[in-house]
């Protein structure tokens with residue numbers, strides 16, 4: 133008799149029980165409430181504690197992968213749904229395809245948490261880690277590394293990284309030390325402490341073993357609050373007067389011929405309405421290349437800067453040759469001199485971290501961009517390190533829109549002064565146009581990102597935006613002044629610059645990477661000793 137040959141098993145991801153799938157999806161979606169404009173930061177810790185608890189109680193690599201993927205998908209889909217507005221309403225993409233694109237992006241973002249949790253489950257089994265090592269060392273370290281990877285793979289998409297939820301909570305004190313990824317790591321340890329306390333309590337262990345992890349969580353939270361009271365930087369020189377312009381130019385008409393001329397007149401009048409040490413416009417407030425502008429337009433503005441004693445920072449696209457376009461900020465100081473009827477641009481900053489599909493086309497995706505109608509869709513990059521410009525006693529360091537998501541790059545700009553003897557930026561300036569995302573939570577989310585950059589650098593952040601949020605943020609991450617979104621207005625204030633160095637400015641993400649790797653090594657050593 134011949135034995136029956138069994139067919140080879142088909143590799144497939146296991147289906148999650150419906151209740152577990154829905155609860156994981158809900159936990160991920162609820163994460164959005166931890167970020168701006170809601171600011172209920174404990175939700176981020178509680179949702180992550182629930183996720184870590186499920187991973188620990190059901191230590192299957194495939195189940196961990198699916199739980200992480202479901203959680204990450206819910207988080208991303210609810211957090212960045214506004215990309216649908218840019219692709220469909222303003223980009224002209226058909227609705228179903230725009231919705232599909234958002235869903236695919238959310239699935240891709242969810243892979244980072246999925247891989248982190250699957251790897252944690254694998255290492256836990258291989259190293260035979262106890263619950264404490266898993267929840268306090270393995271899971272937080274791998275979670276931090278996955279968020280860091282999300283910030284640079286394929287140019288990075290670090291929107292709604294966990295640490296941003298804590299720009300208003302006690303953990304913000306860690307920002308000058310470890311940056312946003314470090315805060316996410318600390319938050320994951322706190323979440324692990326909560327999950328460990330639940331496991332020990334459910335196992336009917338003594339109260340001491342249950343209280344210990346909660347004590348560690350409280351210490352981490354209190355330490356963050358205490359660190360926030362440290363002044364890493366100090367005032368520099370005299371305050372400067374600042375005027376930040378918000379034009380509220382509708383995105384759907386911004387590049388039409390009639391709207392362009394109205395925009396030019398509007399910003400010309402807003403700039404001339406009052407002098408200031410620094411007058412800043414939003415990103416591409418001047419929507420035409422200099423050679424396309426009415427004759428004498430820029431020269432007239434430069435003359436106003438000279439006659440009024442103002443420094444003028446303009447958001448404008450520039451071209452250095454056929455097919456070469458850059459998203460730029462140019463500055464006219466009061467000493468600018470005209471040449472051949474054109475103003476001499478004494479400062480220029482070119483955006484270097486470009487938005488995929490909005491400002492450059494990834495290889496093989498021209499077909500996707502062709503379905504949208506976005507002007508200047510493929511740009512050239514500026515230098516990674518660019519110098520600030522001077523305004524009286526202060527040095528202003530611009531960044532353009534999406535660039536302030538990348539704290540390590542801004543830290544590198546600031547750290548350049550320390551290592552190369554360059555001028556030390558004392559005020560950060562973000563110029564943005566996020567009208568692409570309509571009246572959505574993208575605006576307050578972006579403002580929260582700028583708050584984190586101020587916390588990391590110990591410097592004020594000025595935001596000049598088209599539709600909002602135009603605001604002034606102090607070195608402690610507090611919004612001291614803000615214009616209502618979707619209004620035409622000017623934000624006027626006196627701003628004090630700051631000098632000095634935070635540890636994050638000098639080390640960037642190297643410190644948190646080292647700590648995460650040390651945590652993994654510690655988990656391995658603990659398991660080795662136990663065996």
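In the working numbering, the protein residues as written are 133 to 663. Idealized CB from N, CA, C, for every residue including glycine. None of the values given here were measured: they were computed from a predicted structure.
CB of residue i within 9 Å of CB of residue j, strictly
i, j, result
"residue 316", "residue 284", "no"
"residue 583", "residue 605", "yes"
"residue 263", "residue 370", "no"
"residue 668", "residue 327", "Since the displayed the chain opens at 133 and closes at 663, residue 668 lies outside it and no answer follows."
"residue 611", "residue 380", "no"
"residue 640", "residue 558", "no"
"residue 586", "residue 553", "no"
"residue 407", "residue 602", "no"
"residue 373", "residue 624", "yes"
"residue 636", "residue 308", "yes"
"residue 238", "residue 208", "yes"
"residue 257", "residue 191", "yes"
Inter-residue Cα distance where the pair is residue i and residue j
i, j, result
"residue 561", "residue 531", "6 Å"
"residue 90", "residue 660", "Limits of the chain in this structure are 133 at one end and 663 at the other, which puts residue 90 out of reach."
"residue 151", "residue 376", "50 Å"
"residue 654", "residue 512", "44 Å"
"residue 216", "residue 573", "13 Å"
"residue 332", "residue 343", "9 Å"
"residue 418", "residue 395", "8 Å"
"residue 205", "residue 221", "23 Å"
"residue 388", "residue 187", "53 Å"
"residue 467", "residue 588", "33 Å"
"residue 391", "residue 178", "48 Å"
"residue 323", "residue 599", "36 Å"
"residue 570", "residue 213", "11 Å"
"residue 244", "residue 523", "43 Å"
"residue 304", "residue 320", "14 Å"
"residue 165", "residue 579", "15 Å"
"residue 272", "residue 253", "13 Å"
"residue 521", "residue 410", "11 Å"
"residue 189", "residue 361", "39 Å"
"residue 510", "residue 267", "44 Å"
"residue 404", "residue 482", "25 Å"
Assigned exposure category for residue i - 16 Cβ within 10 Å defines buried
i, result
"residue 447", "buried"
"residue 672", "Shown here, the chain extends from 133 to 663; a query on residue 672 therefore has no answer."
"residue 358", "exposed"
"residue 452", "exposed"
"residue 424", "exposed"
"residue 542", "buried"
"residue 566", "buried"
"residue 626", "exposed"
"residue 363", "exposed"
"residue 642", "exposed"
"residue 228", "exposed"
"residue 515", "exposed"
"residue 163", "buried"
"residue 174", "exposed"
"residue 241", "buried"
"residue 295", "buried"
"residue 335", "exposed"
"residue 489", "buried"
"residue 644", "buried"
"residue 563", "buried"
Three-state secondary structure (DSSP) of residue i
i, result
"residue 677", "Outside the displayed range of the chain (133 to 663) lies residue 677, so it cannot be described from this structure."
"residue 435", "helix"
"residue 536", "helix"
"residue 562", "strand"
"residue 477", "coil"
"residue 313", "helix"
"residue 284", "coil"
"residue 349", "helix"
"residue 322", "helix"
"residue 454", "coil"
"residue 482", "strand"
"residue 253", "helix"
"residue 202", "helix"
"residue 148", "coil"
"residue 211", "helix"
"residue 662", "helix"
"residue 292", "coil"
"residue 191", "coil"
"residue 219", "helix"
"residue 615", "coil"
"residue 342", "helix"
Going residue by residue through the region 369 to 419, where are the continuous beta strand (DSSP E) segments of at least 3 residues, counting only ones entirely within it?
Whole beta strand (DSSP E) segments, 3+ residues: 410 to 412.
My parser needs the alpha helix (DSSP H) runs of 4 or more residues fully inside the region 579 to 607; what are they?
Runs found: none.
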